[in-house]
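The C-terminal position of the sequence shown is numbered 297 in this note's numbering, with every residue numbered one higher than the one before it.
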Amino acid sequence: PSVTIKRVEEKISQNFEYSYKSLTNIGASLSRPGHLVLGLTRGNATVQFSSSTPGYVDRSGRWECMSPQITLTYGFSPMTVYVAREFPQGSCAYKEIYEHELRHVKTYQEHIASMEKDVGETLKQRFVTGSPWRGPVGQARVKLLQELDERWLPYVHREIKRVDTAQALIDTPEEYERVANSCDGEIKKATR
């Protein structure tokens with residue numbers, strides 16, 4: 106039996122097509138009421154288990170032994186950084202907003218990396234038993250897949266969701282104020 110952990114690591118995509126009004130609507134559930142969303146980082150949490158179960162069926166055809174070999178692949182795919190189109194690349198406002206969003210990207214990436222050890226150890230304690238699983242033919246694999254779907258997928262999703270607390274610490278009223286007042290009022294002028 107084995108457990109392998111793989112992190113999804115792909116290039117961050119960028120989108121500069123939406124206005125700040127559109128981003129404010131898109132990010133309404135994430136932002137504080139009354140604040141404009143000038144930039145946004147969105148990551149789609151993805152969790153996937155795959156398994157291989159090499160086994161042996163006894164001569165009677167009624168019993169089997171199998172060795173679950175599980176791979177967990179998880180991360181954010183895609184992850185997109187949005188900056189409102191009112192702030193063109195190269196402008197001071199773009200730079201401030203984009204750098205703020207990169208803090209969110211870094212927080213997502215650090216969280217995913219920090220999960221690997223604990224999640225891996227938890228899964229290994231459950232599945233890397235040192236001996237094969239035994240049972241009636243065909244039932245062990247069904248039970249394994251059911252357990253992965255019903256117990257372990259929700260567990261990994263909950264662990265990923267813990268990043269929300271760290272993300273909220275980035276979007277403080279002070280940080281919003283700092284970004285809004287940067288660049289000699291360039292941002293306030295564009296959002297009037």
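By construction, the Cβ of each residue, glycine as well, lies at the ideal position given by its N, Cα and C atoms.
Predicted model only: the values in this text are computed from it and were never measured.
Next on the checklist: According to DSSP, is residue 165 part of a helix, a strand, or is it coil?
Outcome noted: coil
Next on the checklist: Would you call the stretch 153 to 164 in contact with the stretch 177 to 189, where contact means no fewer than 3 C-beta pairs closer than 8 Å?
Outcome noted: yes
Checklist entry - Can you list, in chain order, the residues of its chain whose CB lies under 8 Å from that of residue 234, leaving out five sequence neighbours each side? => result 106
Item to check | Among 166, 124, 203, nearest to residue 117 - alpha-carbon criterion | outcome: 203
Item to check | Backbone secondary structure at residue 179 - three-state DSSP | outcome: strand
Next on the checklist: So, with DSSP's three-state summary, where would you put residue 187?
Outcome noted: strand
Next on the checklist: What would DSSP say about residue 120, mapped onto helix, strand or coil?
Outcome noted: strand
Item to check | First and last residue of the uninterrupted beta strand (DSSP E) at residue 145 | outcome: 144 to 157
Checklist entry - What is the rounded straight-line gap between the Cα of residue 132 and the Cα of residue 126? => result 10 Å
Checklist entry - Distance, Cα to Cα, residue 295 vs residue 144? => result 14 Å
Checklist entry - Touching or not, the stretch 185 to 203 and the stretch 280 to 289, by the rule of three or more beta carbon pairs under 8 Å? => result yes
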